[in-house]
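Asker:
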Amino acid sequence: MKILLIGNGGREHALAWKIKQSPLCDELHCTPSSAGIESLATAHNVGAEDIDGILGLITQIKPDFVVVGPEAPLVAGLADRIDELDIPCFGPNEKAAQLEGSKAFMKDLCAAYDIPTAIYKTFTEVEGAYEFLDGFGQDRSETGVVIKADGLAAGKGVIIPNTMDEARAAVSDMLSGNKFGQAGSRVIIEEFLPGEELSFFALTDGASVVPLTTAQDHKRAFDGDKGPNTGGMGAYSPAHMMTPELEAKIMDTIITPTVNAMKDKGCPFQGVLYAGIILVAGEPKLLEYNIRFGDPECQPLMMRFTGDLVKVLYACATGTLADAKDEMKWIDDVALCVVMAANGYPESYAKNTVINGLDQAGASENTVVFHAGTKRDDNGNVVNTGGRTLGVTATGSSFAEAQDNAYSVISNIDWPDGFCRKDIGWRAIAAQNKKNAA
Ligand code: AMP
Ligand code: GLY
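Counted from 1, the sequence shown has number 293 at position 286 by the numbering used here; the numbering is strictly sequential.
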């Protein structure tokens, strides 16, 4: 098969790495690209959100199968356009992509089909929203509210206010269009749920659904979960609290009902469902859906997956997932990814700074350095093109071992302009230590 992969983040490097291992893959193309992806695929430079440009590229290279990594082109209808060309495409069409593209759509679906999630109300006018907020107390411990922009907001559309003034400011910033533009023209106010979060991944062809595995992310920039929110500074798989019972409960109460509900509404979902789950007193509730693999969660996922990825993604795209269930195979070891980001991220940071030592760092069987935002400069040096730049990913028989393996690779990477958290995996290691002590 000739395969075209859309996207150039760490997630897509990990997908490209796994796709290349499939005997079904004869030729891999990727657009846009990174210094890491370039070593695996024929690189093109059409942007992931340039729908017409991608269709032009498809007409030119005539792939047998297209895999879409990021959410934005899916929400903009890329899968529908590829479908018109009669080429199988992994990823939901525009209607089904609303599960991530509109939080109000996702919440209304949960309400209509009894899928456990935070209690919520949707507003398009400031007055109504303020009135609703007036029903709560003054600070977060009393109010327990979360304010969300309806549309895609690059991971920044969720505000957990500390005071009611902050809550009102968030509502008016969003509804006035000052923040997030059109994506903020509708807001959701929902109850704050306390609990530990995990990411749950499942594949579906619209009718059949299979669980993949789980992960946990580290959203804050600095050690000890301090500092500003980011796209994710590291992740590991599986989530440390997973049990077969919890997996079955999440499938039975959240994932399978969602797949059935989407079918029932006339917009069957095909692709990967990435559910943000929070455990409230042990009971799983849905925080959000993403319609793509997580980044950096995809990196440890791909390190653990031993099935034929092309086979399963193609089965999703062609409605034959029930025949590919045997491919859901995983190593017993865990995997952990540490993100290296440019100094200053998630605020402003320098681009085109040189990263040395990658050749020595990449050379081990149980570690892979995935590139999230890199290119080669005119002198052949690898330089950063974005904030999150590398995803150093390692396996191990325990979280502590995987962590050691990842950080020992990082010690060989010479990048004075970059930083990473030193405590990725701390929750899982603490839980493991507690278990060992008991
Ligand atoms: P979302 O994009 O909806 O997952 O929100 C991003 C993050 O905000 C989540 O990963 C949670 O940490 C937090 N969050 C969102 N909704 C809630 C909620 N109802 N209660 C507590 N935390 C939340
Ligand atoms: N790491 C969070 C995300 O991919 O949305």
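For each residue, glycine too, the CB sits at the ideal point set by N, CA and C. These numbers were taken from a predicted model, which means no experiment stands behind them.
At which residues does the alpha helix (DSSP H) containing T66 begin and terminate?
Answerer: As a first step, residue 66 is located in the sequence shown; it is residue number 59 there, counting from the start. It spans 58-68 - the alpha helix (DSSP H) in which T66 sits, taken as one unbroken run.
Asker: Could you say which of T170, V287, T237 lies nearest to L200 if we only look at CA atoms?
Answerer: Taking the sequence shown and counting its residues from 1, the one referred to as residue 200 is at position 193. Looking at the Cα atoms, V287 is the closest of the given residues.
Asker: Does the ligand AMP have even one heavy atom less than 8 Å from the beta-carbon of K332?
Answerer: In the sequence shown, counting from the first residue as 1, residue 332 sits at position 325. K332 Cβ: outside cutoff for every heavy atom of the ligand AMP.
Asker: Reducing DSSP to helix, strand and coil, say where C447 ends up.
Answerer: Outside the shown range of the chain (8 to 445) lies residue 447, about which nothing can therefore be said.
Asker: Tell me whether K155, by its Cβ, gets closer than 8 Å to a heavy atom of the ligand AMP.
Answerer: In the sequence shown, counting from the first residue as 1, residue 155 sits at position 148. True, at least one ligand heavy atom lies under 8 Å from that Cβ.
Asker: What residues sit near the ligand GLY, counting only those whose C-beta is closer than 7 Å to one of its heavy atoms, in chain order?
Answerer: After applying the 7 Å Cβ criterion, the set is G162, D224, G238, G239, A242, N297, G301, D302, P303, E304.
Asker: Tell me which residue opens and which closes the alpha helix (DSSP H) that H247 is part of.
Answerer: Within the sequence shown, the letter at position 240 stands for residue 247. Looking at the DSSP string, H247 is not in any alpha helix (DSSP H), and its letter there is neither H nor E.
Asker: How many angstroms separate the CA atom of V216 from the CA atom of F406?
Answerer: What you label residue 216 is simply residue 209 of the sequence shown in a count that begins at 1. What you label residue 406 is simply residue 399 of the sequence shown in a count that begins at 1. Approximately 29 Å between the Cα atoms of the pair.
Asker: Could you spell out where the beta strand (DSSP E) holding S206 opens and where it closes?
Answerer: Taking the first residue of the sequence shown as position 1, residue 206 is located at position 199. Looking at the DSSP string, the run of the beta strand (DSSP E) that includes S206 is 203-211.
Asker: Among all the DSSP beta bridges, which residues are the ones paired with V73?
Answerer: The count along the sequence shown starts at 1 and reaches residue 73 at position 66. Answer is L11, C96, bridged to V73.
Asker: Should F199 be listed as close to the ligand AMP, given that the test is whether its C-beta is under 8 Å from any heavy atom?
Answerer: As a first step, residue 199 is located in the sequence shown; it is residue number 192 there, counting from the start. Correct: F199 has its Cβ closer than 8 Å to the ligand AMP.
Asker: Can at least three beta-carbon pairs, one atom from the stretch 207-216 and one from the stretch 269-278, be found at a separation below 8 Å?
Answerer: yes
Asker: Who are the Cβ neighbours of V399 in its own chain at under 6 Å, not counting the five residues just before and after it?
Answerer: Indexing the sequence shown from 1 puts residue 399 at position 392. Closer than 6 Å at the Cβ level, and outside the excluded window around V399, lie V345, V376, A413, V416, I417.
Asker: What residue from V194, M240, E295, N15 has the CA that sits closest to S46's CA?
Answerer: Counting from one through the sequence shown, the residue named residue 46 turns up at place 39. Closest by alpha carbon: N15.
Asker: With DSSP collapsed to three states, give me the class of L280.
Answerer: As a first step, residue 280 must be located in the sequence shown, where it is residue number 273. Strand.
Asker: Does the beta-carbon of A125, which I'm using as the reference point, lie nearer than 8 Å to any heavy atom of the ligand AMP?
Answerer: By one-based count along the sequence shown, residue 125 stands at place 118. Residue side-chain check: A125 places its Cβ nearer than 8 Å to a non-hydrogen atom of the ligand AMP.
Asker: Let's test the definition: count the other Cβ atoms within 10 Å of the Cβ of S41 and tell me whether it reaches 16, buried, or not, exposed.
Answerer: Along the sequence shown, read from residue 1 onward, the residue named residue 41 stands at position 34. So S41 counts as buried.
Asker: Residue range of the alpha helix (DSSP H) that G108 falls in?
Answerer: As a first step, residue 108 must be located in the sequence shown, where it is residue number 101. 105-108 is the extent of the alpha helix (DSSP H) around G108.
Asker: With contact counted as at least three CB pairs below 8 Å, one residue from each stretch, are the stretch 316-328 and the stretch 376-393 in contact?
Answerer: Here the stretch 316-328 does not lie against the stretch 376-393, with fewer than 3 beta-carbon pairs under 8 Å apart.
Asker: In whole angstroms, give me the CA-to-CA distance for I89 and M269.
Answerer: Residue numbering aside, residue 89 sits at position 82 when the sequence shown is read from its first letter. Residue numbering aside, residue 269 sits at position 262 when the sequence shown is read from its first letter. The straight-line gap from Cα to Cα measures roughly 21 Å.
Asker: Just mark N359 as buried or exposed, buried being the case when its beta carbon has 16 or more other beta carbons within 10 Å.
Answerer: Taking the sequence shown and counting its residues from 1, the one referred to as residue 359 is at position 352. N359 should be labelled exposed.
Asker: Taking only heavy atoms of the ligand AMP into account, decide whether any of them is closer than 8 Å to the Cβ of G191.
Answerer: Reading the sequence shown from its first residue, position 184 is the one you call residue 191. Every heavy atom of the ligand AMP is 8 Å or more from the Cβ of G191, so no.
Asker: So, at 8 Å on beta carbons, what are the nonlocal neighbours of I94 in its own chain, with the 5 sequence-adjacent residues on each side left out?
Answerer: Position 87 of the sequence shown, counted from the start, is the residue given in the question as residue 94. These residues qualify, in order along the chain: I65, P70, D71, F72, V73.
Asker: If you scan the stretch 308-354 from start to end, which runs of the alpha helix (DSSP H) of 4 or more residues do you find wholly inside it?
Answerer: 316-324
Asker: Could you tell me which residues DSSP pairs with C37 in its beta bridges?
Answerer: Taking the first residue of the sequence shown as position 1, residue 37 is located at position 30. Per DSSP, L12, A50.
Asker: Using the C-alpha atoms, what's the distance from R434 back to H225?
Answerer: Residue 225 sits at position 218 when you count from the first residue of the sequence shown. Residue 434 sits at position 427 when you count from the first residue of the sequence shown. If you take the alpha carbons of H225 and R434, they lie about 10 Å apart.
Asker: Looking only at its chain, what residues have a beta carbon closer than 6 Å to the beta carbon of E56, apart from the 5 residues adjacent to it on each side?
Answerer: The residue given as residue 56 occupies position 49 in the sequence shown. Listed in chain order, the non-local C-beta contacts of E56 below 6 Å within the same chain comprise A79, P80, local neighbours out to five positions each way being set aside.
Asker: The ligand AMP and V165: does any heavy atom of the ligand fall closer than 8 Å to the residue's C-beta?
Answerer: Counted from its first residue, the sequence shown places residue 165 at position 158. V165 Cβ: within cutoff of the ligand AMP.
Asker: Measure from the alpha carbon of A119 to the alpha carbon of each residue in A176, E304, T265, then state which is nearest.
Answerer: As a first step, residue 119 is located in the sequence shown; it is residue number 112 there, counting from the start. T265 is the residue among A176, E304, T265 whose C-alpha sits nearest the C-alpha of A119.
Asker: Hey, quick one: how far does the alpha helix (DSSP H) through D251 stretch, first residue to last?
Answerer: For the purposes of this step, residue 251 is taken as residue 244 along the sequence shown, with counting starting at 1. In the sequence as displayed, the identity of residue 251 is Pro instead of Asp. For P251, the enclosing alpha helix (DSSP H) covers residues 251-257.
Asker: So for E134, helix, strand or coil by DSSP?
Answerer: The residue given as residue 134 occupies position 127 in the sequence shown. E134: helix per DSSP, three-state reduction.
Asker: Nearest CA to the CA of M249: which residue from T221, A228, K102?
Answerer: Along the sequence shown, read from residue 1 onward, the residue named residue 249 stands at position 242. Checking every option, the nearest Cα to that of M249 belongs to T221.
Asker: Roughly how many whole angstroms lie between the Cα atoms of L365 and N419?
Answerer: For the purposes of this step, residue 365 is taken as the residue at position 358 of the sequence shown. For the purposes of this step, residue 419 is taken as the residue at position 412 of the sequence shown. Each residue's Cα considered, the two are about 8 Å apart.
Asker: What are the start and end residues of the beta strand (DSSP E) that includes D421?
Answerer: What you label residue 421 is simply residue 414 of the sequence shown in a count that begins at 1. Note, D421: premise wrong, no beta strand (DSSP E); not H, not E.
Asker: Could you check whether P245 and R299 sit closer than 9 Å to each other, using their CB atoms as the reference points?
Answerer: The sequence position of residue 299 within the sequence shown is 292, counting from 1. The sequence position of residue 245 within the sequence shown is 238, counting from 1. Not in contact: R299 and P245 (Cβ atoms no closer than 9 Å).
Asker: Compute every distance between the C-beta of G283 and the non-hydrogen atoms of the ligand FAD, then say whether any falls below 8 Å.
Answerer: The ligand FAD is absent from the structure shown, which contains only the ligand AMP and the ligand GLY.
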